[in-house]
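Numbering (the numbering used here), first residue to last: 21 to 158. All C-beta atoms, glycine included, are put in the ideal place defined by N, C-alpha and C.
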């Protein structure tokens, strides 16, 4: 039968599809195609500034290009930071509901340190060991 939990589940799935549906991936594809075209057809470096070559020309190899690349790194780090913070809050909420672990900043810091530690260990150990193991576990 129908329960209120099913309504919550449907809302969650709708939100997930909204955030990770085709329109979200289109932005990734647009950037990837732009960088790939610039690199493989025009012989430009694999950086975001290469996408601006048709607009800025040779100026991408100066201060303007450096500013574009710096801004792209800052924006990417900001996105990762937001995703990490949002995920840690969700995990903290789940731990509280499932196991009674108090929702607190201390738990969130431990979660962030654990996730970062596992990521660093995985990267240090290389693709054949660490990254492969992460793929197999998830």
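| Check | Outcome |
| --- | --- |
| Three-state secondary structure (DSSP) of residue 122 | coil |
| 8 Å Cβ cutoff met for residue 54 and residue 71 | yes |
| Residue interval of the alpha helix (DSSP H) (run including residue 12) | Any question about residue 12 goes unanswered here, given that the chain covers just 21 to 158. |
| Segment contact flag, the segment 140-153 with the segment 122-131, C-beta cutoff 8 Å, min 3 pairs | no |
| Where residue 64 sits in the DSSP three-state scheme | coil |
| Residue range of the unbroken alpha helix (DSSP H) whose run includes residue 157 | 152-157 |
| Residue 99 (DSSP reduced to helix, strand or coil) | helix |
| Cβ-Cβ distance between residue 131 and residue 106 below 8 Å | no |
| CB contact flag (residue 73, residue 58, <8 Å) | yes |
| Cβ neighbours of residue 76 in the same chain (closer than 7 Å, five flanking residues each side left out) | 84 |
| Alpha-carbon to alpha-carbon, residue 29 and residue 87 | 43 Å |
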